[in-house]
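This report concerns only the one structure given below.
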């Protein structure tokens, strides 16, 4: 069996210098939330399924009782106006389990990207702060100084030595390996506590991305999800607060 | 050395559109118990031994002092009447140790299955509930809605979002990869506490499977084993109960 | 780089149906001690060095400051009389780190063995009992019933279901894979506490082996080492005894 | 994707029997500190970037917001006088994550070395003592007795059975595999506590190396860094001392 199995679904689309946008599971699931929202909102269509021996040996069960082997998927969207660009969108159930598998997957995706003449990549992810975030900034990193300047105009924040550990996983590799292949790229990282899935951070990332892509994205659904998560977070906090107080009371009595 | 070594034993059987049935070690060993019982009961014959670098580097010692390298094995059985189908049965000592090895093994087995023109797979396993199970249901998942409907008629239960984590290991992979190869499949999962090997759950799975295959299977041996295990389980429970009471008594005295 | 690098040292020896004897690191280091003693005692000569990516990335430093990349090695010995057989002896610094690497190594060694027309293998190891052993028995396992009978004559003990977990590592794999290649084999396991290296157990194994091979082996050096280890074991035991008593005294006073 | 990607940067230099010098991350980062200092001090130029699937899937972010895929790098330097030799210097962000990956990397580097007709290697590293080191000695190991004698003249210390565990990682493998390829080599290990990065130990190593290479190396920058680290170490020690005293006081009061 091949390390990675690429399966085209339906007719191969004809795309004009598309931009590749990645959002796979990660911190706060920010990237995956953002790209899945984008796919649904603009009506992108699946055209590639990617299977790998480095994904878990697992199938999911759909609500109708049918199964789905875990994978990554590519969607495409064709530009509606002159100031837009065709898009390829990458999302999926997992990132590779091993370092080696992650390199293989990024490499395979870049090869498809090159076949479609992709010259630019956006990778989306979360930047975990380990604390509450009122208004998440979107931090950036890019393959060239020119792109850094360009991104600053869209409100992307570039802070020296942040994130300190660099970027780990597909969001980093697609830029790093892509650069070797001569493909430019930007990573957009929404600040997030990192404890729960974070639609608020995903929204912040999409606000920046929609400017860069000249695409109107309806964000109400993400805002609704963000409120749900905020509610859950509040309940968790009051629960913790309650526990803390009980302990204080007990130690007082004791 | 090849990743996987396929060794045919004796003459290759000639089979007509056989159905593949898998039962490898897993939760409650339900699948392995079921398939091994079936093999013995219908008198299926071994025709393939499968060795893999992803199995542990281990030999077992038979009661006569001879050794056996750990493996997976395929057995075949030829239909006795018109409303039956030829069978290939898969069982073995281990599943692959790594994710990659599990994909390789499933892929190798599917290649043999394709050579024999297999169009349908049943994978058997346990669904661990972590609690006592009076009368185990048999949960299902399948590669198509049509198969889901068909299986419901045999008493298979399809519950939305169960099992929540999907199906992990060979039982899932054979269906997931099989689907990519155009082979239909069903996974039958017997409910089980999951603590001990569970012949009762294996019996429940075989009751469903024997209906689907139009095969009479004598289940008395599994029932006998189920009673043995039930006895062991009762002894463990009364032991726990005893321990719990001793603690209560001590805390009362103390 | 190849998975495994086979390097012949000096001229390839010409051997007549040699017997392969394996003794690699393992429980009580019994197998390695036995084979290394045998190599030295009969004056066997190194003719192959085996390097593998599955050994640790490590060099040892010799007493003269020079380095040695960790490896496995093959030695040969030519029969001195008609009732003896030529020998190939395998020992080394490590077994493979991964399951896959262990299969590769065993397979590579068997390929060399086949080139030399090896028809029989002895693998040597320890059987860890986790308790003191006065007079270690030598347990056995073999690739055929005929060999089991033959070995019983040399005092080898075959106990049903012992060792319970079978044989793990090179001692098992060389027999298991060897059997697939049509090579007969016996594993001799000296009983050992398993805590310390165990020359006494290695001696017991060599007593059996020397009978099977019709070779006189001077065991005084192993007996000397066994006495050293026995002394260390006694010191450890009296240390433990002392600690235990101190605790009792303290609890009495307290 | 290849296991390892070798990317030449700019024109391939023409070098005359260069010496290879390795300094990758390790204990006290001694080797990496030494080689990076040497590269900067003699003005060596990068000519090869080495990427590997066995490095972490990670990019670093430069201070200007651009990214860098983690790698190893080769630099070259051309001799300025007759009694000097051309140099190839190896440093990098990581060593391989797995044993197998480390062998692959060492092998790839040795293949480049052979293409450049390298006949001698120096590998640099730290020897962790787990205690304070006033004046670090430089311990050695080499591929031949002749080199051992030669190195003693430069003040390198050879102690029997030290380091006890041999040399692990690239510093060991380049010598061990190099020896198989007929390349001579020396490992220089600076004594170090091993807790913090250790420029003092790196300096000691460079003092020896500069003699062996007939190169003047300005060590003031390393001395400056060593003073910084010494300050940090003192602060840590007084912090620990303070903690220890507080505990004593408390136990006195208590």
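Chains as they are written, first to last, in this note's numbering: chain A, 1 to 254; chain B, 1001 to 1254; chain C, 2001 to 2254; chain D, 3001 to 3254.
Note that the Cβ used here is the ideal one computed from N, Cα and C, for glycine as well.
At a CB-CB cut-off below 9 Å, which residues of chain E make contact with residue i?
i	result
residue 2201 of chain C	Chain labels in this structure do not include chain E; the protein chains are A, B, C and D.
So, are the CB atoms of residue i and residue j less than 8 Å apart?
i	j	result
residue 2244 of chain C	residue 2193 of chain C	no
residue 3121 of chain D	residue 3174 of chain D	yes
residue 118 of chain A	residue 190 of chain A	no
residue 1205 of chain B	residue 1188 of chain B	yes
residue 3044 of chain D	residue 3106 of chain D	no
residue 3157 of chain D	residue 2066 of chain C	no
residue 2225 of chain C	residue 2199 of chain C	yes
residue 2057 of chain C	residue 3168 of chain D	yes
residue 1128 of chain B	residue 1028 of chain B	yes
residue 3004 of chain D	residue 3144 of chain D	no
residue 2112 of chain C	residue 2042 of chain C	no
What do you get for residue i, buried or exposed, if any count of 16 or more other CB atoms within 10 angstroms of its CB means buried?
i	result
residue 55 of chain A	buried
residue 1104 of chain B	buried
residue 3165 of chain D	exposed
residue 2038 of chain C	buried
residue 95 of chain A	buried
residue 2032 of chain C	buried
residue 85 of chain A	buried
residue 3081 of chain D	exposed
residue 3069 of chain D	buried
residue 1071 of chain B	buried
residue 242 of chain A	exposed
residue 2 of chain A	exposed
With DSSP run on the structure shown, which of helix, strand or coil describes residue i?
i	result
residue 1109 of chain B	helix
residue 3097 of chain D	coil
residue 1062 of chain B	coil
residue 3074 of chain D	strand
residue 22 of chain A	strand
residue 44 of chain A	coil
residue 2254 of chain C	Only weak support exists for where residue 2254 of chain C lies, its pLDDT of 47 falling under 50; the value from the coordinates is given anyway. In this structure, residue 2254 of chain C counts as coil in the three-state DSSP scheme.
residue 213 of chain A	helix
residue 34 of chain A	helix
residue 235 of chain A	helix
residue 1068 of chain B	strand
residue 2141 of chain C	strand
residue 3172 of chain D	helix
residue 190 of chain A	strand
residue 207 of chain A	helix
residue 3051 of chain D	strand
residue 2006 of chain C	strand
residue 1121 of chain B	strand
residue 133 of chain A	coil
residue 2165 of chain C	coil
So residue i and residue j are supposed to be a Cβ contact under 8 Å. How far apart are they, rounded?
i	j	result
residue 1074 of chain B	residue 1087 of chain B	Their Cβ separation, rounded to whole angstroms, is 10 Å, which puts residue 1074 of chain B and residue 1087 of chain B out of contact at 8 Å.
residue 3024 of chain D	residue 3092 of chain D	6 Å
residue 2133 of chain C	residue 3172 of chain D	In fact, because the Cβ distance is near 37 Å, the residues do not count as touching under 8 Å.
residue 124 of chain A	residue 30 of chain A	7 Å
residue 3223 of chain D	residue 3203 of chain D	7 Å
residue 61 of chain A	residue 1013 of chain B	Not a contact, Cβ separation roughly 34 Å.
residue 1110 of chain B	residue 1015 of chain B	Contact flag wrong, Cβ pair sits at about 15 Å.
residue 1063 of chain B	residue 2160 of chain C	5 Å
message = Any contact between the region 2096 to 2104 of chain C and the region 1037 to 1050 of chain B? By contact I mean 3 or more CB pairs, one from each, below 8 Å.
response = Short answer: they don't touch.
ask   = Taking contact to mean at least 3 C-beta pairs separated by less than 8 Å, is the region 1197 to 1211 of chain B in contact with the region 1142 to 1161 of chain B?
value = yes
key: Segment contact, 8 Å Cβ cut-off, at least three pairs: the region 12 to 26 of chain A with the region 168 to 184 of chain A   = yes
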